[in-house]
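J.:
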Amino acid sequence: MFADESGFSLIPLIRRTWAVEGQTPIIRHCFNWPKLSAISAVSTQSRIYMKLLLNKTVKSHNVIAFLSHLLKLVKGMIILVWDRIQTHRSAIVKEFIKSNSQRLKVYYLPPYAPDLNPAEGIWNHIKWQELANYCPRNLSELVKAIKRSTGNIRNRPKLIRSFLHATPLNFDHLVN
């Protein structure tokens, strides 16, 4: 599995779109900055696991809760690859990993290597494809949209595999 975190806000990500000539599309939003953070993992079996955190940044205890959830959902050994952000390297996360070493092995990507993490492809797709130009009125609408987008991706295993194949590393032997 490959794990990563991302953030969302009510400010829309503007992307080019089609319009009738001379009629520039207008996007109205509330200039509100509530934050939503998310942590996800994508497996080589084309599965996505995600947890959303309202008005929070991802902290060590959130990472531990997410890893605990993965250990409950996924049977057998979990090999997790993620980046080197401080929360992943904190003492309590390392202790949690050590105490679950019979089922959880963790490997780190090289420093600043987002192109090596297939989970980045999921965030990119959600933000720039599924939610491009989307203007939610509140966090509740944003949460629903993210869950709907994630569901759309979950129903497309070939798309999930494309995120794995898009990395410069060769994961062909891992992908079902």
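Adding 2 to a residue's 1-based position in the sequence shown gives its number in my numbering. Note that the Cβ used here is the ideal one computed from N, Cα and C, for glycine as well.
Rounded to whole angstroms, how far is the Cβ of methionine 3 from the Cβ of isoleucine 87, which I believe are closer than 8 Å?
T.: Counting from one through the sequence shown, the residue named residue 3 turns up at place 1. Counting from one through the sequence shown, the residue named residue 87 turns up at place 85. Not quite, the Cβ-Cβ distance comes to about 16 Å (not below 8 Å), so this is no contact.
J.: Hey, which unbroken runs of the alpha helix (DSSP H) at 4 residues or more fall wholly within the region 111–158?
T.: Whole alpha helix (DSSP H) segments, 4+ residues: 120–127, 141–156.
J.: Helix, strand or coil: which one does DSSP assign to alanine 93?
T.: Sequence index remark: in the sequence shown, residue 93 carries index 91 (1-based). Note: alanine 93 maps to helix in three-state DSSP.
J.: Should alanine 93 be labelled buried (16 or more other beta-carbon atoms within 10 Å of its own) or exposed?
T.: For the purposes of this step, residue 93 is taken as residue 91 along the sequence shown, with counting starting at 1. Exposed.
J.: At which residues does the alpha helix (DSSP H) containing leucine 12 begin and terminate?
T.: The residue given as residue 12 occupies position 10 in the sequence shown. From DSSP, leucine 12 is part of no alpha helix (DSSP H); its letter is neither H nor E.
J.: Do the region 69–76 and the region 111–131 touch if we need at least three Cβ pairs shorter than 8 Å?
T.: The region 69–76 vs the region 111–131: no contact.
J.: Please report the straight-line C-alpha distance between leucine 56 and leucine 12, rounded to a whole angstrom.
T.: Along the sequence shown, one-based indexing puts residue 56 at 54. Along the sequence shown, one-based indexing puts residue 12 at 10. Distance between the alpha carbons of leucine 56 and leucine 12 is about 12 Å.
J.: Where do the N-terminal and C-terminal ends of the beta strand (DSSP E) with serine 42 fall, by residue?
T.: Counted from its first residue, the sequence shown places residue 42 at position 40. Element bounds for serine 42: 37–44.
J.: Is it buried or exposed, valine 22, if we count other Cβ atoms within 10 angstroms and call 16 or more buried?
T.: For the purposes of this step, residue 22 is taken as residue 20 along the sequence shown, with counting starting at 1. Exposed: under 16 other Cβ atoms inside 10 Å.
J.: Could you compute how far the alpha carbon of glutamine 25 sits from the alpha carbon of serine 164?
T.: Here residue 25 is taken as the residue at index 23 of the sequence shown, counted from 1. Here residue 164 is taken as the residue at index 162 of the sequence shown, counted from 1. Cα-Cα distance, rounded: 36 Å.
J.: Could you pull out every residue in the same chain whose Cβ sits closer than 7 Å to the Cβ of histidine 175, ignoring the five residues on either side in sequence?
T.: Your numbering for residue 175 matches position 173 in the sequence shown. Legend: pLDDT at histidine 175 = 49, less than 50; position of this residue unreliable, value from coordinates given subsequently. Closer than 7 Å at Cβ, skipping near neighbours: no residue.
J.: Let me confirm a value: glycine 153 is counted as buried when at least 16 other C-beta atoms fall within 10 Å, else exposed. Which label applies?
T.: Taking the sequence shown and counting its residues from 1, one reaches residue 153 at position 151. Burial call: exposed.
J.: If I follow the unbroken alpha helix (DSSP H) through lysine 77, where does it start and stop?
T.: Position 75 of the sequence shown, counted from the start, is the residue given in the question as residue 77. Here lysine 77 belongs to no alpha helix (DSSP H), and DSSP marks it neither H nor E.
J.: To the nearest angstrom, report how far apart asparagine 178 and histidine 167 are at their CA atoms.
T.: Counting from 1 along the sequence shown, the entry for residue 178 is found at position 176. Counting from 1 along the sequence shown, the entry for residue 167 is found at position 165. Since pLDDT at asparagine 178 reaches only 49, below the 50 mark, its modelled position is unreliable, and no value is offered.
J.: Look at the alpha carbon of serine 70 and the alpha carbon of aspartate 6, and state the distance between them as a whole number of angstroms.
T.: Walking along the sequence shown from the start, residue 70 turns up at place 68. Walking along the sequence shown from the start, residue 6 turns up at place 4. Near 16 Å, if we compare the C-alpha coordinates of aspartate 6 and serine 70.
J.: Measure the C-alpha to C-alpha separation of valine 181 and isoleucine 66 and round it to an integer number of angstroms.
T.: Any property of residue 181 remains undetermined from this structure, which presents the chain solely from 3 to 178.
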